[in-house]
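*Asks:* Have a look at this one.
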Amino acid sequence: VYPKLDQRSVMDIDLVDATPETTIKYLLQPGQRTVFFYNAHCANLRATDVGYSQSLARADQILPDGIGIDLAARMQGDELTANLNGTDLLPPLLTAAARQGKSVFLFGARPGTAEMAARHLATRIPGLRIAGTLDGYEGAQDADTAIDTINTSDADILLVAMGVPLQELWLDRYGPKLLPDLRMAVGGLFDFWAG
Ligand code: UDP
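Residue numbers for the sequence shown follow full-length UniProt numbering, beginning at 19 and rising by one.
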């Protein structure tokens, strides 16, 4: 049991300071959690966008993403255990999820992209259950329909890919209505997976 993930304050925000293995085990435990990635662009935006800043303050875990955050940590005399960027973290996370029989819902990106990303994941990660997909344009406009589709899919994990800060604001606003245990904002990952 992992009661709490170690954190380290970098540029005045608490980031997860743990190995990918520990982080994945923690995130897949039962219980609802909202998880965001945090890179240099996020740090700039946090300084000017109050809504985004508030959504970060309410997130359960914030994961250090990219070299800019590593450098910022080093400049304050610290070193983070690992860079937990989504490109590297999500494949092993979803592999562990598949082993546990957990299902994933992909919400976001342009029409067709989430489906292509899901097909790519299903091939790459045998046994991964895809609960459903929904694009992030129509879906972003009609929140009730998106929430209903996600909840009736019975997904354990919800990945939202609508870009920073739309995806964080969406999860912050509608989180209380959502049923999946793990909710993660994953930026451009669906585009990346769709190829
Ligand atoms: N996107 C979306 N709805 C929008 C705007 C953007 O679903 O209203 C998607 C877009 O298609 C892309 C992702 O959000 O798949 C943003 O990717 P980007 O790499 O720009 O995000 P970042 O990781 O930089 O936040």
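All C-beta atoms, glycine included, are put in the ideal place defined by N, C-alpha and C.
Note that the structure is predicted; figures quoted are calculated from it, not measured.
Say yes only if the C-beta of residue 182 is nearer than 6 Å to one or more non-hydrogen atoms of the ligand UDP, and no if none qualify.
*Replies:* Here residue 182 is taken as the residue at index 164 of the sequence shown, counted from 1. Under cutoff, so the answer is yes.
*Asks:* Please give me, in chain order, every unbroken run of the beta strand (DSSP E) with length at least 3 that falls completely inside the segment 181-211.
*Replies:* 200-203, all fully within the segment 181-211.
*Asks:* Roughly how many angstroms separate the alpha carbons of residue 136 and residue 35, rounded to a whole number?
*Replies:* The residue you call residue 136 lines up with position 118 of the sequence shown. The residue you call residue 35 lines up with position 17 of the sequence shown. Computed Cα separation, rounded: 29 Å.
*Asks:* Using 8 Å for Cβ pairs, my map puts residue 198 next to residue 174. What's the rounded Cβ distance?
*Replies:* The residue labelled residue 198 in the question sits at position 180 within the sequence shown. The residue labelled residue 174 in the question sits at position 156 within the sequence shown. Contact flag correct, Cβ pair sits at about 6 Å.
*Asks:* For residue 150, which three-state DSSP category applies?
*Replies:* For the purposes of this step, residue 150 is taken as the residue at position 132 of the sequence shown. Three-state DSSP puts residue 150 in a strand.
*Asks:* For residue 123 and residue 39, what's the separation of their Cα atoms in angstroms?
*Replies:* For the purposes of this step, residue 123 is taken as residue 105 along the sequence shown, with counting starting at 1. For the purposes of this step, residue 39 is taken as residue 21 along the sequence shown, with counting starting at 1. Taking the straight line from one Cα to the other gives about 22 Å.
*Asks:* Is residue 58 closer than 7 Å to residue 29 when the C-beta atoms are compared?
*Replies:* Taking the sequence shown and counting its residues from 1, the one referred to as residue 29 is at position 11. Taking the sequence shown and counting its residues from 1, the one referred to as residue 58 is at position 40. In this structure, residue 58 does not lie closer than 7 Å to residue 29 by Cβ.
*Asks:* Between 127, 108, 65 and 74, which lies nearest to residue 212 when the distance is taken from Cα to Cα?
*Replies:* Within the sequence shown, residue 212 is the residue found at index 194, counting from 1. Closest by alpha carbon: 127.
*Asks:* Closer than 7 Å by C-beta to residue 90: which residues in its own chain qualify, once you throw out the five before and the five after it? Chain order, please.
*Replies:* To locate residue 90, count along the sequence shown from 1; it is residue 72. Around residue 90: 28 and 29.
*Asks:* Enumerate in chain order the residues of its own chain whose CB-to-CB distance from residue 56 is below 7 Å, with the five nearest sequence positions on each side excluded.
*Replies:* Residue numbering aside, residue 56 sits at position 38 when the sequence shown is read from its first letter. So the list reads 31, 33, 80, 81, 82, 83 and 87, once near-sequence residues are dropped.
*Asks:* Between residue 189 and residue 203, how many whole angstroms is the CB-CB distance? I'm expecting something under 8 Å.
*Replies:* For this step, residue 189 is matched to residue 171 along the sequence shown. For this step, residue 203 is matched to residue 185 along the sequence shown. Correct: roughly 6 Å between the Cβ atoms.
*Asks:* If distances are taken between C-alpha atoms only, which option among 163, 149, 177 and 187 comes closest to residue 171?
*Replies:* For the purposes of this step, residue 171 is taken as the residue at position 153 of the sequence shown. The shortest Cα separation from residue 171 among 163, 149, 177 and 187 belongs to 149.
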